[in-house]
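First up is the structure itself, then whatever we jot down about it.
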Ligand SMILES: Cc1ncc(C[n+]2csc(CCOP(=O)(O)OP(=O)(O)O)c2C)c(N)n1
C-alpha cells in the first residue's frame, strides 16, 4: 500500500493534468463537467469575497480580517464533501467553508466588525462562528460528535485548524478523546506552512499528519491546493465517520499567500522567493488549466463566474457597511439559551446605569 | 457630493500611520477599491483601497507625514446617483464613532506625532528597562538611536537621548510663491535618517583605519571575459565585483578577525564562521546594504547569481528585511561611479568593509617595462578595536594577490 503520509494524494497536477490514482478518483466519479465548473466558481467566489473583506478592513469598516488567499481549494474541497446535517467547527480563516455551508455573505463580516457576538445562527447552517482561541474548536467538534454518536445520528463533524494548532493542548485532548470514544470527527488540518510568523518545521520535525499515529488515528496527507483531491479524501473520511469507524486526520498541504491577518506583515519573516514558488501551485490557476484542457472553459462561463463573484462581493460590502450597530442591552442576549435570573439582574443594572446618562449631552453642551 | 476618507486603524489598536505615497492625483477618476496610496504603520506597509468611486478632489496629507488615525486624508467627489451607501464614520478600533468620542471623555490625540527613526515600520528592539525609562521620560523609543546588540535601544541610549520630537508634517516654508526659492528644506526621514544614524553610530564607536593597495588586475579582467562566454554565466552580470567578492571570502579564512563583531555589552569579540556578505547598493530609496547569506559556501557561479539577484531586488526597493540584516562583512563598489578609491565607513556591527575602485587602463610597470594594464585600487576600512594593522594589511594584500593572479584563487576553491 502507498504510504499515505510520504505521498500526499493528488488528482490534478499544477499544470492541470489529471493524476492516475484510481483509488481516489473513484470517490469523485460523480464530479462531471458541470460539477467541475461549480467547484471552479466556488474557488473564484471565495477569493473575491476575501479580497473585498481585506479592502473593507483597509477602509476602516472591519477591525480585523484573516485572509484565506491561497487556501481556497482546501476549504472548498472539504466543505463540498459535507452533507447538510454534518457539522463544521471552524477557526477564524474558513470564510470559504462558511460560504459553502450557506452563510449569507451579507452577514459574514459582523464579528470582524465588532457589531455582533455571533454573525449567524450556527445551527441554521451547521457551521460555527469563527473560533479565535486556537484549537478550541477541536474539542467542540469532538463533543458534538460524541453526542451525535450516542444519539445514533449518522453524521460527521469536521474540525478545521492550522498547523500551529496541532501544538495546542486542546487539540491533543480532542484527538485523544475522539479516539477513545470513537467519535465521528474529521480533523482537517490546513497546513499553510505558518503559525503567524513561525514556520511549520518549528512545530514538528515530522509531517504534522504523523502526529495522529500517537493516538492510533488513521491519517493522510493531501495536496491542499487540489480541490478534487481534497474533496475525495474528505468524502472518504466523513464516510468513515458516519459509518461509525471513528475519526480521521487529514493534513491538507497548502500555503497562506497573504498575511496572517490584516495586522501582519509577512515580508518581515519570509522571503518573496518562497511565495513565488507557491504561486505556481495556485489552486484557482490549476483548476482553470484542467477546465481548459478538458474543453470546459468558455468566455461566457468565465464572465458568468466573474459576475457571480462580483455580486457576492457587493453583497458582502453592503452587508458590512450597512450592518446595524448593536443596542447596548443586546450584550446579554444568547448568554444562556433560556432566561436566567442572574443575567436578568445584570441587564437591569446595566439599563439603569445607561439611563443615568439620559440628557447628559444636552446638559454638557 | 464629496466624501472624505479618514485614516482607519489598519492594525489592531494603532494610533497613527505614515502616508508613504499617493497612487492617484487630483482630478483622477477612481473606482471602488482602487489603490489610492501606501501607508506605513508600526506593523506593516499597506496599500489603501478607495472606499468610494469618483473623482479625487483633494489630497489632504503630504507624503511623508505621520498622521493620527481618524485624520481625513483624501476627498473624493462621488456621484450621488451611483447608489453608494451614505458615508458612515469608519469603525476605528479603540476610537469609536466620532460623535460619541467627543461627547464623552476627550481623547488625548497629539496634534503632531513624532517622526519615527524606523520608517520601515519596525518596532525598535529595546529591553524592558529601556522601555520603562522611555515611558517615564515621555520619549518615543522610535526616535532613539539604539547602540545595543543589533541596534537594540538600551537604557543608556534612552537616558542620553536629548533630541526632542520633531513635528510630523514637513514644514513647508517654500509655500510663499513670492520669494524666489534659494534653498530647499527636506525633512530628514526614511532611509536617509536611518543611514545617517547608522553612520554616526559606526563612525563614533568603531575607530576606523583605512588602507589602500593598487594592483594590476589584467588577468582577472581577461578571466571575466572568458567566463562571460560560458553558457553557465549567461544572463548574469559577471563583473570585477563578483571576483573581488570571491577573493575576499577566501582571504577571510586566513584573517577571520575581519569577519567579526565587537560585542560591547558582553565584552566579547564575536568571530563568525560564516560569511553574510553585504553589498552596498544605491537604490531609489537610498543606500541599502543587503547581504548574501552563507556566501562562504557559494561557488563563483552561485555568487554571480546571488549578486545579480540581490542588487536587482535592492534597486527595485523590494529587498527583504531578512536580506538587510545579519551581515558580517561588506563590499562597496565606488568604481561604478568612475572613482579611484574611498575610505568607507563600516556597516554597524561589522569589522571590515572593502572598497573597490574603478578598473581602468593605466600605465603600469609590467615585466620591467611600461605597459598599458588594467589597474584598480582596493581599500579596506576596519575596526581597530578588533583588527590590528597586521591582519588588515595581510587581508588586503591577499585579496590583491588573488586579483592580480586569479589562478591562485583556484588553490582555495
Ligand atoms: C489559545 C491561543 N493561543 C494563541 C493565540 C494567538 N494566535 C492566533 S492565531 C495563532 C497561530 C495559529 O496558527 P495555525 O494554527 O497554523 O493557523 P493559521 O493561522 O495558520 O491558519 C496564534 C498563536 C490564540 N488566538 N489562541
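Chains as they are written, first to last, in the UniProt record's numbering: chain P, 1 to 365; chain C, 1 to 413. The beta-carbon is built from N, C-alpha and C at its ideal position, and this holds for glycine as well.
Under 8 Å between C-beta atoms of residue i and residue j
i, j, result
"residue 70 of chain P", "residue 231 of chain P", "no"
"residue 88 of chain P", "residue 139 of chain P", "no"
"residue 137 of chain P", "residue 159 of chain P", "yes"
"residue 221 of chain C", "residue 364 of chain C", "no"
"residue 156 of chain P", "residue 104 of chain P", "no"
"residue 261 of chain C", "residue 351 of chain C", "yes"
"residue 243 of chain C", "residue 406 of chain C", "yes"
"residue 5 of chain P", "residue 141 of chain P", "no"
"residue 277 of chain C", "residue 291 of chain C", "yes"
"residue 315 of chain P", "residue 15 of chain P", "no"
"residue 66 of chain P", "residue 79 of chain P", "no"
"residue 11 of chain P", "residue 261 of chain P", "no"
"residue 65 of chain C", "residue 19 of chain C", "yes"
Three-state class that DSSP yields for residue i in the structure shown
i, result
"residue 18 of chain P", "strand"
"residue 361 of chain C", "strand"
"residue 189 of chain P", "strand"
"residue 40 of chain P", "helix"
"residue 16 of chain C", "strand"
"residue 92 of chain P", "coil"
"residue 355 of chain C", "strand"
"residue 379 of chain C", "strand"
"residue 223 of chain P", "strand"
"residue 288 of chain C", "strand"
"residue 149 of chain P", "helix"
"residue 326 of chain C", "coil"
"residue 158 of chain P", "strand"
"residue 77 of chain C", "strand"
"residue 104 of chain C", "With a pLDDT of 36 at residue 104 of chain C, under the threshold of 50, the predicted position of this residue should be treated as unreliable, and no value is reported."
Alpha carbon of residue i to alpha carbon of residue j, nearest angstrom
i, j, result
"residue 276 of chain P", "residue 17 of chain P", "21 Å"
"residue 188 of chain C", "residue 197 of chain C", "11 Å"
"residue 296 of chain C", "residue 355 of chain C", "19 Å"
"residue 48 of chain C", "residue 140 of chain C", "26 Å"
"residue 24 of chain P", "residue 229 of chain P", "7 Å"
"residue 448 of chain C", "residue 394 of chain C", "In the structure as shown, chain C starts at 1 and stops at 413, and residue 448 of chain C therefore has no counterpart that could be examined."
"residue 330 of chain C", "residue 382 of chain C", "11 Å"
"residue 22 of chain P", "residue 28 of chain P", "10 Å"
"residue 46 of chain P", "residue 235 of chain C", "40 Å"
"residue 305 of chain P", "residue 72 of chain P", "15 Å"
"residue 370 of chain C", "residue 400 of chain C", "20 Å"
"residue 108 of chain P", "residue 327 of chain P", "19 Å"
"residue 192 of chain P", "residue 198 of chain P", "11 Å"
"residue 148 of chain C", "residue 265 of chain C", "7 Å"
"residue 145 of chain C", "residue 5 of chain C", "34 Å"
"residue 25 of chain C", "residue 60 of chain P", "22 Å"
"residue 259 of chain C", "residue 271 of chain C", "6 Å"
"residue 248 of chain P", "residue 269 of chain C", "54 Å"
"residue 176 of chain C", "residue 183 of chain C", "Its pLDDT being 48, under 50, residue 176 of chain C is placed unreliably by the model, and the measurement read from it follows with that caveat. When rounded, the distance between both Cα atoms is 13 Å."
"residue 3 of chain P", "residue 111 of chain P", "41 Å"
"residue 404 of chain C", "residue 33 of chain C", "59 Å"
"residue 337 of chain C", "residue 283 of chain P", "47 Å"
"residue 340 of chain C", "residue 333 of chain C", "10 Å"
"residue 335 of chain C", "residue 379 of chain C", "12 Å"
Contacts of residue i in chain P (Cβ-Cβ under 8 Å)
i, result
"residue 11 of chain C", "262 and 263"
Under 9 Å by beta carbon: chain P residues contacting residue i
i, result
"residue 318 of chain C", "267 and 272"
"residue 45 of chain C", "265 and 267"
Residue i Cβ short of 7 Å to ligand 3 heavy atom set
i, result
"residue 196 of chain P", "Among the ligands present in this structure, namely ligand 1, ligand 3 is not found."
Chain C contact residues for residue i, given Cβ-Cβ distances below 7 Å
i, result
"residue 59 of chain P", "8, 49, 51 and 90"
"residue 359 of chain P", "Neighbours of residue 359 of chain P on chain C: none; closest Cβ ~12 Å, over 7 Å."
"residue 375 of chain P", "Chain P is shown only over 1 to 365; residue 375 of chain P falls outside these bounds and no answer can be derived."
Beta-carbon neighbours of residue i, restricted to chain P and to distances below 7 Å
i, result
"residue 322 of chain C", "271"
Hey, is the region 39–56 of chain C in contact with the region 349–364 of chain P, meaning 3+ C-beta pairs nearer than 8 Å? no
Are the region 215–227 of chain P and the region 6–20 of chain P in contact at 8 Å, needing three or more beta carbon pairs? yes
If we count Cβ pairs, one from each stretch, closer than 8 Å, do we get three or more for the region 57–64 of chain C versus the region 8–15 of chain C? No: the two stretches stay apart, fewer than three of their Cβ pairs being nearer than 8 Å.
For the region 276–293 of chain P against the region 248–261 of chain P, do three or more pairs of beta-carbon atoms, one drawn from each stretch, fall closer than 8 Å, so that the two count as touching? yes
On the three-pair Cβ rule with 8 Å, is the region 207–214 of chain C touching the region 339–347 of chain C? yes
Any contact between the region 322–336 of chain P and the region 113–129 of chain P? By contact I mean 3 or more CB pairs, one from each, below 8 Å. yes
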